[in-house]
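Visitor:
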Amino acid sequence: MQMSHNRSSRRSFLRIGSVAPWACSAAGVTVLRQDARLDAASPLSASHLRSFGSAKSCVLLWLDGGPSHLETFDPKKDVPKEVQGPLGTVATSVPGVHFSEELHRCAKLAHRMTIIRSMTSPLGEHGLANQYALTGYLPSPNLQYPSLGALTAHERREGWTRPLPRHIGIPEQRTGLGAGFLGSSDEPFWMNSDPASPKFRVRDLDIYPTLNPDRLQRRRQMLAQIQEGASEVPYKDAFELIASAEARHVFDLNRESDKTKERYGLRSFGQSCLLARRLVEQQVPFVTVVQPGWDTHENMIVPLREGYSGAKIGVGLIPTFDQAVSALIEDLSDQGLLDQTLVIAMGEFGRTPKVNTRGGRDHWPRVYSVMLCGGGLPQGIVLGSSDRIGESPRDNPITPSDLIRTLLIRLGIEPDRMLVTPDGRPIPINQHGKPIDALL
Amino acid sequence: MPRSRLDRPIWKMQLRRLLTALLNLILSTQIFAQQEIPSFELDVLPLLTKHGCNSGACHGAAAGRGQLFLSLWGSDPKSDYDQIVHAFQSRRIRHASPQESLIIAKPSGRIAHEGQVRFDPDSPTAIKLANWIKAGTPYGEPIKIDGFRIEVHRIDSTSSGIAWALRTYARINGSSLPIEVTDRTAWEIDPNGSVKWIEQHPPTVGLERPGRHLIAARFAGQVQTSVLIAPYPSEPHSESRSDPQRSTSFVDVEIQKLLDQANVQAATLIDDLSWLRRVSLDLVGRIPTIDEIRTFEELDPLNRKPMTLDRLISSEDFSRYWTFQLARWLGLRPIAKELEATKAFEKYLSDQVSSRRSWKTIAQELLVSTGDSHAIGQTNFARLAVDPRAHAELISRVFLGARMQCANCHNHPLDHWTQDDYHGLSAILAGLDRGSQVAYVGGAQVTNLRTKEPAIPKIPGGGYLEVQIDAQTTQRNLEKLSDWIFDEENPRFAKVMANRLWALMMGRGLIDPVDDLRATNPASHPELLDRLVQTLVESDYQPASVLKAIALSNAYARRYPDLQRDRIDASFFAAHVRKPLAPEVLYDALCDALGTPKEQRAIQWLDPTTPSESLDILGRCSRPTACEPPSNLGPIQSSLSQQLHWINGPLVNQAIESPECFLHRELSRGTSDAELLELGCLRIRTKHPQAEEIQAWLEQIPKEPEERRAWFEDWAWSQLSSGRFLSN
């Protein structure tokens, strides 16, 4: 493991050196490509270079709707009840750090995590905020930026020869996670099926019920005969994926023991996390797992803890998350994969410091929390803090763009490299972010 | 815009050159020599631009670089002077020993410079800068430039190809004649490396590859472009250059001019049935029916094209399809979760297009309407934007075809838009309440990011307007904005619209990308664009007028490029750019081809968030932006999910297996194999299969009924998956 880190850093160093980002053009000639919108950003420092590419894969746990920071990683004690909310706190394995009591399994793993409690953004609308959180760019009505996952898929294109896609989404499409101007080949490949269902199947991977492999082969041949002017075999990737035994194997959760399945939790999010681990084992660079439902404006105790009204044992969002994420981290660690797998849990914003009159919390982007683990990140630290009632960052404000830049470096992607839009406009991978030194 | 001077006799050129040289000698002695002391704007600033110091990647970035903040390309000379002479405790200048001044020592490499060495310590640049410092860093007179232009002179072929000498001229401070400013000009050349510098003094470039190449010149805040054409080598075995079907349509005349200049042989024309398919998809968004094909084939070949166009243009399908296209152009999406508002907006657009109202009138109404958005559909255009800035960007994209968003943080690097323009436009739009009741209000402000003060309402590139203190002042300003956008003298909206219509038909704009009109992105065929604009204006902004002119041209009826052979730049329109079908159109085409109709056609779902799994998988554009079809994507370069869905999903398979599908109707009717193959080819690909094709297929068809059915289903799938079906 350590060896491979070193190798990767050296290679990364060479790549960066050869790019020479500040090489302006030859005297007297200014080349159009030097896009004037390029912002000032510092080249990677030595410590950033050591961190460069420490993560081979990334699992993004996307908590869609905006999870309450006060009910998860930044609970408040000794504050008025309308700030504290309905849940208590629990001490974690890091002295002095508390999580929400419903995260008691994660609390035992806090010494392996990095918690950022000072994320901040100006955007409080889901559609805009999730774009900012996932792309690191403030949304523009005129250009759709690529998400972190799409960027990873794009930058890991070379050398990927397996039939599996480089960017896989579980279970179903959510906005903001797409490839934007990078185009369809870097879009996440969505399962569009629930891994917790006994009928779980990757959508359209199985041969259509009335067809068979021979007929599919015949269709492929007939098409090849009539296809005019095609530069490559039509539908090559798709036909290869359909035929791949490896793909069938990796997507088949029945190859896991019942004990393992139960460890992750039998609900959709748990089984999705289990599938994510199987994909990471096959070196898939980026897996997004979506947990929807965090937009808890009313009577939030039901969706957050209970799951349904009157539940005796809580099966809500937080217990489901707690079980699945603690299992994922332990499992990755047991397999020796945690050091090279970056696990991120985040949503588009936090929730209002005061519980509203309907027993919920509304959108609150000014401060919120993010959980990071593995991939070579420092362990057992809490970065930044919110003020007494979780209303604003107290110190170390970190923007989504800063976070994306930091994660890119960990994933071995040069943040200042230029991408080109289909119409020829050069856009840097990350523009306004400042790398978070404490994580590099 | 100057092109090559090929067509001018040599002696005339030389005489002209001699005269210009003489004039220059006289004038420059007047203007340049009288000031032996260098001036900042005329001498120093152009050097900084020339050496890239104030480019966006260096000190011209919004955040500056290394504490030196220069305006982008010297757009703000006074601030730049201040930065160099006064800021940083005046340490950038050393009057005692000018050569040690930071502004010379760093770029000449005597002190480490992150931006590397820009010029030698004893170069003319360094000497000039030193003289300026010796003279006490005078600002000199502010200058005013007009008539800045490039002249391009072709020099006889050299062994390495053709060389071009570049010169620039401008009128300075109202001088009556242009003065040469070549040595103060900064050049930008094509980024793809096909234009190479042969010499710097005087500037001379060579073209490494045949084709159309763009160069841009900057001087004192002005930018101009010029196009260099290097002809393609003649192919030894190519057919004769004179096109037997040479047409007199103005479209073809203009296209041919550039083809001739570049020695490009255009692709041959498609047959009439292929034209019928192409034009049906482009004008009414659907493939021709069997009946339409048969009727077309019976018409007189000499006038069946115009007859077909008239029929299509007057059809209800035309209204439906252009309502869809207009909605896409505007970026229609659900308005603030108010179904009534969205419905009212959709109804407004559909009614206007159906009643063939002028698109200029539609656009004007979209810009200035107020009232109850649930009843007055056009008010919802303003509600597509979340705030004044987004509204300013929306208006600049839709009506001006400009990407003004760059000017939010800094003056537009490639165009003349300034931050004051951007925030001034936002300031006008801040006077709109975008709630359910769209209304003019006074007193609303946006901050100008440059001055950090409330922005003053301003027409982009024009004058400042009154401060919007109440609803009346806001209304007056919006009307002035509308007058400017729809100005008869400068019909920029007509230009945007004509260019978009061209792009929809031809797969690529004359100005490309279509929403990027700017000085440094000239049209490939400026005269053609002017003619299209004229056609549009004369027809009172009816899209049909331009569509018809294009559809009847030979340029529209060319084959696709042969990927193995044709490497001609697409901007010549020597071959037809392959356009993937929009997901909605593809969905409708699938139903039409197989005869499995749906209650509503997909193009009638103007709201792109109308739930449809298949349309989402096919890549429907449900984003809050107008989606342009990516121009050069083949039909096969779709995403993995799309490919899998096409192969294994229910969309195609269910339709093929449906009892309503023509295959099964014909099979149960006892249609022969050969008839069915012919029918299928016509229905799906609008094509008569060739006899040998039919023969080859007939040999494969199994006799056993179930096997035979399965074979035809597989055959239909392959037809539906072909490039001919999936693209246009």
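If you read the sequences in order, they're chains A and B. All the letters of the first sequence, read from the start, carry residue numbers 1 to 440 under our numbering. All the letters of the second sequence, read from the start, carry residue numbers 441 to 1168 under our numbering. Each residue gets a CB set at the ideal place from its N, CA and C atoms; glycine is no exception.
(1) Within the region 941–1009 of chain B, note down every full alpha helix (DSSP H) run reaching 4 residues or more, in order along the chain.
(2) Would you mind listing the alpha helix (DSSP H) stretches within the region 85–164 of chain A that are 4+ residues and don't spill past its ends, in chain order?
(3) Thinking C-beta only, is L542/B closer than 8 Å to R558/B?
(4) R220/A by DSSP, collapsed to three states: which one?
(5) For the region 323–393 of chain A, which segments carrying the alpha helix (DSSP H) assignment without a break, of at least 4 residues, lie completely within its bounds, in sequence order?
(6) In chain order, what residues of the same chain lie with their CB nearer than 7 Å to the CB of E101/A, ignoring the 5 residues before and after it?
(7) Could you pull the start and end residues of the alpha helix (DSSP H) that M747/B belongs to?
(8) Among the candidates E1144/B, Y880/B, L865/B and W924/B, whose CA atom is the shortest distance from the CA of I896/B?
(9) Can you look up D74/A in the DSSP assignment and give me helix, strand or coil?
(10) By the criterion of Cβ-Cβ separation under 9 Å, what are the contact partners of W942/B in chain A?
(11) For chain B, find out if any of its Cβ atoms is closer than 8 Å to the Cβ of E187/A; answer yes or no.
(12) Short of 7 Å in beta carbon distance, which residues of its chain neighbour N703/B, apart from the five on each side in sequence? Order them along the chain.
(13) Report the residue from Q982/B, P1051/B and I669/B whose alpha carbon sits nearest the alpha carbon of D1009/B.
(14) In chain order, what residues of the same chain have a beta carbon less than 6 Å from the beta carbon of P292/A, not counting five sequence neighbours either side?
(15) Helix, strand or coil, according to DSSP, for F181/A in the structure here?
(16) Under 7 Å between beta-carbons, which chain A residues line up against S1161/B? List them in chain order, please.
(17) Using the rule of at least 16 other Cβ atoms within 10 Å of the residue's Cβ for burial, across every protein chain shown, is Q431/A buried or exposed?
(18) If you run the structure through DSSP and keep just helix, strand and coil, what is T666/B?
(19) Measure the CB-CB distance between V367/A and H98/A and report whether it falls below 8 Å.
(20) Need the endpoints of the alpha helix (DSSP H) that Q640/B sits in, please.
(21) Roughly how many whole angstroms lie between the Cα atoms of I301/A and K81/A?
(22) Taking the DSSP output, what are the residues bridged to G169/A?
(23) Taking 8 Å as the threshold (beta carbon to beta carbon), is D402/A in contact with chain B?
(24) Could you tell me the alpha carbon to alpha carbon distance between A1014/B and A995/B, rounded to whole angstroms?
(25) Give, in chain order, every residue of the region 164–178 of chain A whose Cβ lies closer than 8 Å to some Cβ of chain B.
(26) Listed from N- to C-terminal order along the chain, which residues in the region 1138–1155 of chain B have their beta-carbon within a distance smaller than 7 Å of any beta-carbon of chain A?
(27) Please classify Q1130/B: is it buried, with 16 or more other beta-carbons within 10 angstroms of its beta-carbon, or exposed?
(28) Tell me the DSSP bridge mates of Y609/B?
(29) I want to verify the contact list: residues of chain B whose CB lies under 9 Å from the CB of L332/A, in sequence order.
(30) Any beta carbon from chain A within less than 8 Å of I1134/B's own beta carbon?
(31) How many angstroms separate the CA atom of L921/B from the CA atom of L1030/B?
(32) Quick check on the burial criterion: 16 or more other C-beta atoms within 10 angstroms. Buried or exposed for M747/B?
(33) Taking buried to mean at least 16 other C-beta atoms within 10 Å of its own C-beta, is P1142/B buried or exposed?
(34) Which bits of chain B does S326/A rub up against, with CB to CB less than 8 Å?
(35) Considering just the uninterrupted stretch of the beta strand (DSSP E) at L63/A, what are its terminal residues?
(36) Classify G360/A: buried if its beta carbon has 16 or more other beta carbons within 10 angstroms, exposed otherwise.
Guide: With the structure as the only source:
(1) At a cut-off of 4 residues, the continuous stretches assigned as alpha helix (DSSP H) that sit fully inside the region 941–1009 of chain B are 966–978 and 983–991.
(2) For the region 85–164 of chain A, whole alpha helix (DSSP H) runs of length 4 or above, ordered along the chain, are 104–108, 126–135 and 148–155.
(3) Within the second sequence, numbered from 1, the residue matching residue 558/B stands at position 118. Within the second sequence, numbered from 1, the residue matching residue 542/B stands at position 102. Against a cut-off of 8 Å, the Cβ pair of L542/B and R558/B comes out as no contact.
(4) Counted from its first residue, the first sequence places residue 220/A at position 220. DSSP, read as helix, strand or coil, puts R220/A in helix.
(5) List check, alpha helix (DSSP H) in window: nothing returned.
(6) Against the first sequence, residue 101/A aligns to sequence position 101. Answer for E101/A: L87, G88, T89 and V90, listed in chain order.
(7) As a working note, residue 747/B is residue 307 in the second sequence. In this chain, the alpha helix (DSSP H) harbouring M747/B covers R744 to I753.
(8) Counted from its first residue, the second sequence places residue 896/B at position 456. The shortest C-alpha separation from I896/B is found at L865/B.
(9) Position 74 of the first sequence, counted from the start, is the residue given in the question as residue 74/A. Residue state, collapsed to three classes: coil.
(10) Counting from 1 along the second sequence, the entry for residue 942/B is found at position 502. Neighbours of W942/B on chain A: none; closest Cβ ~16 Å, over 9 Å.
(11) Taking the first sequence and counting its residues from 1, the one referred to as residue 187/A is at position 187. Flagged as an interface residue toward chain B: E187/A, by a C-beta distance shorter than 8 Å.
(12) As a first step, residue 703/B is located in the second sequence; it is residue number 263 there, counting from the start. Taken in chain order, the residues that qualify are P671, Y672 and S674.
(13) Here residue 1009/B refers to the residue found at position 569 of the second sequence. Nearest option by C-alpha distance: I669/B.
(14) Indexing the first sequence from 1 puts residue 292/A at position 292. If we look at P292/A and ignore the five residues flanking it on each side, its Cβ neighbours are D64.
(15) Along the first sequence, one-based indexing puts residue 181/A at 181. Taken through DSSP and simplified to helix, strand or coil, F181/A comes out as helix.
(16) For the purposes of this step, residue 1161/B is taken as the residue at position 721 of the second sequence. Within chain A, L223 and P234 have C-beta atoms less than 7 Å from the C-beta of S1161/B, given in sequence order.
(17) As a position in the first sequence, residue 431/A is number 431, starting the count at 1. Buried, since its Cβ has 16 or more Cβ neighbours within 10 Å.
(18) The sequence position of residue 666/B within the second sequence is 226, counting from 1. The question names Thr, yet the displayed sequence has Ser at residue 666/B. In the three-state reduction of the DSSP assignment, S666/B falls in the strand class, which pools E and B.
(19) Start at 1 with the first residue of the first sequence, and residue 367/A comes out as number 367. Start at 1 with the first residue of the first sequence, and residue 98/A comes out as number 98. No, these two residues do not count as a Cβ contact at 8 Å.
(20) Position 200 of the second sequence, counted from the first residue, corresponds to residue 640/B. Counting along the chain, Q640/B falls outside any alpha helix (DSSP H), and DSSP gives it neither H nor E.
(21) Position 301 of the first sequence, counted from the first residue, corresponds to residue 301/A. Position 81 of the first sequence, counted from the first residue, corresponds to residue 81/A. Rounded to the nearest angstrom, the two C-alpha atoms are 14 Å apart.
(22) Indexing the first sequence from 1 puts residue 169/A at position 169. In the DSSP secondary-structure assignment, G169/A is bridged to W190/A and T288/A.
(23) Walking along the first sequence from the start, residue 402/A turns up at place 402. Chain B, which has no Cβ nearer than 8 Å to the Cβ of D402/A, makes this no.
(24) Position 574 of the second sequence holds residue 1014/B. Position 555 of the second sequence holds residue 995/B. Cα to Cα, the separation comes out at about 7 Å.
(25) Among the residues of the region 164–178 of chain A, those with a Cβ less than 8 Å away from any Cβ of chain B are P165 and Q173, in the order of the chain.
(26) Correct list: A1150, D1154 and W1155.
(27) The count along the second sequence starts at 1 and reaches residue 1130/B at position 690. A residue is called buried once 16 or more other Cβ atoms fall within 10 Å of its Cβ, and Q1130/B, having fewer, is exposed.
(28) Looking up residue 609/B in the second sequence gives position 169. The partner list for Y609/B (beta bridge, DSSP) reads R589/B and E620/B.
(29) Numbered from its first residue, the first sequence carries residue 332/A at position 332. Ordered by position in chain B, no residue passes the 9 Å Cβ test against L332/A, which lies about 26 Å from the chain.
(30) Start at 1 with the first residue of the second sequence, and residue 1134/B comes out as number 694. Not closer than 8 Å to any Cβ of chain A, the Cβ of I1134/B fails to qualify, so no.
(31) For the purposes of this step, residue 921/B is taken as residue 481 along the second sequence, with counting starting at 1. For the purposes of this step, residue 1030/B is taken as residue 590 along the second sequence, with counting starting at 1. When rounded, the separation of the alpha-carbon atoms in L921/B and L1030/B is 44 Å.
(32) Within the second sequence, the letter at position 307 stands for residue 747/B. That one is exposed.
(33) By one-based count along the second sequence, residue 1142/B stands at place 702. By the neighbour-count rule (16 or more Cβ atoms within 10 Å), P1142/B is not buried but exposed.
(34) Position 326 of the first sequence, counted from the start, is the residue given in the question as residue 326/A. By Cβ distance, chain B contributes nothing, its closest Cβ being about 31 Å from S326/A, past 8 Å.
(35) Counted from its first residue, the first sequence places residue 63/A at position 63. Looking at the DSSP string, the run of the beta strand (DSSP E) that includes L63/A is S57 to L63.
(36) Numbered from 1 along the first sequence, position 360 holds the residue referred to as residue 360/A. Around the beta carbon of G360/A, 16 or more other beta carbons sit within 10 angstroms, so the residue counts as buried.
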